[in-house]
Structure formats: C-alpha cells, structure tokens
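Participant: So the number in this note's numbering is just where the residue sits in the sequence shown, counting from 1, plus 528. Before I ask anything, let me first share the structure, which is written out below as structure tokens.
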Amino acid sequence: MAERLEVYKCDLCGNIVEVMHGGGGTLVCCGEDMKLMVEGTVDAAREKHVPVIEKTATGYKVKVGAVAHPMIDTHWIEWIELIADGKVYREYLNPGQAPEAEFCVQASKVTAREYCNLHGHWKTEN
C-alpha cells in the first residue's frame, strides 16, 4: 500500500512518482511494480548526499552534502524538497547549478529530501 509522500521509481523507463494520496493498490509502470525509493540518511563519508538544513532569516537553505555534490551531466541532484510542517516545497535542479535551494517558509519541523540521479533518495530532519 502506497503512503502519502513516498517516492517510487520504474526500473525500466525511469519514471519517478511521489504519492499524493495513499491507496490500497500497487503502483505499476511498464507492466511491472514500481520500486519504493527508501531515503538514505547516513552517507558512508557523510559528505555528498545527506542534505544539510540551514535556518536563514527568511526560511531555510538546503545544501546537498557537507562537501558540495557534483552537478555534471552524468551525476547531479535532480531536485531538493523541503517538507515544512506537512507542506511540500520543491526546487528542480540541472547540471551546472549549485546543489542547493532556498525556501522562504517558516516552520517548527522540517525535513529535507533530495534525489541524486545515480545514488537515489536521501533525507535529513531537524
């Protein structure tokens, strides 16, 4: 059963979906069940994938990794997402951009998630 905010990927075509409303069915793409993307929370070196949340005067800045993640054509962060008190905010990125995003929101509880095209889904909470 899919739950709200879970992310699934098709291993055949690469489609990625985020569940907006959970239901009892199975998510299927290209005739096969989609794979749940479980977020990593601890990087072996803790340097390039775990999001880092910084509180700013206007909201939150999320950087990917304590050391900046590569942003090249073959290896980049596709998006950064902030879940702030249950509301979802997302910034899509392209190769060549900085692996970071700013969100002008106020919240008491935030979770940052990001997706690397090679190494999958990662998150951190504050």
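Every residue, glycine too, gets a C-beta built ideally from N, C-alpha and C.
Quick check on DSSP: helix, strand or coil for Lys576?
Facilitator: Three-state result, Lys576: coil.
Participant: Pull up the CB-CB distance for Tyr617 and Glu609, whole angstroms please, since I reckon it's below 8 Å.
Facilitator: Contact flag correct, Cβ pair sits at about 7 Å.
Participant: Alpha carbon to alpha carbon, how far is Glu582 from Gly614? Give it in angstroms, no decimals.
Facilitator: Distance between the alpha carbons of Gly614 and Glu582: 18 Å.
Participant: Which first and last residues belong to the beta strand (DSSP E) in which Ala640 is found?
Facilitator: Taken as a continuous stretch (DSSP letters only), the beta strand (DSSP E) holding Ala640 covers Val638 to Cys644.
Participant: Going by Cα to Cα distance, which pick from His647, Cys644, Leu646 and Val638 is closest to Glu653?
Facilitator: Closest by alpha carbon: Val638.
Participant: Since I believe Val535 is in contact with His649 (beta carbons under 8 Å), could you give me their beta-carbon distance rounded to a whole number of angstroms?
Facilitator: With 8 Å as the limit, His649 and Val535 qualify as a contact, their Cβ atoms being about 6 Å apart.
Participant: Between the segment 621-630 and the segment 589-609, do at least 3 Cβ pairs fall closer than 8 Å?
Facilitator: Touching, yes, given that three or more Cβ pairs across the two stretches are closer than 8 Å.
Participant: Could you tell me how far apart the beta carbons of Arg641 and Pro579 are, in whole angstroms, since I believe they sit closer than 8 Å?
Facilitator: About 7 Å; that satisfies the 8 Å criterion.
Participant: Taking 8 Å as the threshold, find out whether the segment 585-595 comes into contact with the segment 554-568 through three or more Cβ pairs.
Facilitator: Segments in contact, no.
Participant: Going by DSSP in three states, Arg618 sits in which element: helix, strand or coil?
Facilitator: DSSP places Arg618 in strand when its eight states are reduced to three.
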